[in-house]
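Asks: One structure coming up, written as structure tokens, with questions to follow.
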Amino acid sequence: MKDQAYELRNRMQMYEGVQQSVRVAVVGPCENDIRAFEQLLEGEIERRRPPVQISFNEALPQRASVLFLFSGTDPAEITTLYEWLKKHRSELPAVCFVIVNSESDESKSKRAIQNLVNTSAAFLQLPITYIGHWSDKESVLNQCITILIQHKEDRDERPHR
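Just so we're aligned, residue 1496 is where the sequence shown starts under the numbering used here, counting upward by one.
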């Protein structure tokens, strides 16, 4: 009887862990930058212990509930990212954010990314929010964690079906 109760409690804790988790996907042209971002984000969440857990959906971004886009400001990169968004539009979550990852000056970056944001909103009906420039990692990570906590709280407030 004790074993059954113990097993049931463990399963319930695992289920609660899954329920607490926000599924995150990170997409961008440079795998190394994506992995570095994921590791830093996981490290910050582990260090700060906010009321949210994350799990990364690397193979299937369409199963994510929050999508972070990593982009440089090179026109070819932005075009590639836009084409990817267009191709996968019907599968993407409603919550998308873009982080600029390039060494170019910040004003040029903002203009290039603003074009992506405007084009995605106009032609794909996909709202994308600009988070910031990856050169300011601390600020970007703070915003990402705030976004994930807010997403989880919003999700928790919605009635379950």
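Note that beta-carbon positions come from the ideal geometry of N, C-alpha and C, so glycine has one too.
Below 8 Å, how does it come out for the region 1517-1533 and the region 1610-1620: are there three or more Cβ pairs, yes or no?
Replies: no
Asks: What are the boundary residues of the alpha helix (DSSP H) that residue 1620 is part of?
Replies: No alpha helix (DSSP H) holds residue 1620; DSSP gives it neither H nor E.
Asks: Could you check how far apart the C-beta atoms of residue 1576 and residue 1585 are, in whole angstroms? I think they sit under 8 Å.
Replies: In fact, because the Cβ distance is near 17 Å, the residues do not count as touching under 8 Å.
Asks: Per the DSSP calculation, residue 1518 is bridged to which residue(s)?
Replies: 1550
Asks: Comparing alpha-carbon positions, which option in 1546, 1549, 1606 lies nearest residue 1568?
Replies: 1606
Asks: Starting from residue 1562, trace the beta strand (DSSP E) both ways and give me its first and last residue.
Replies: 1561-1566
Asks: Roughly how far, in whole angstroms, is the beta-carbon of residue 1639 from the beta-carbon of residue 1562, given that I think they are within contact range, below 8 Å?
Replies: Rounded, the Cβ-Cβ distance is 12 Å, inconsistent with contact.
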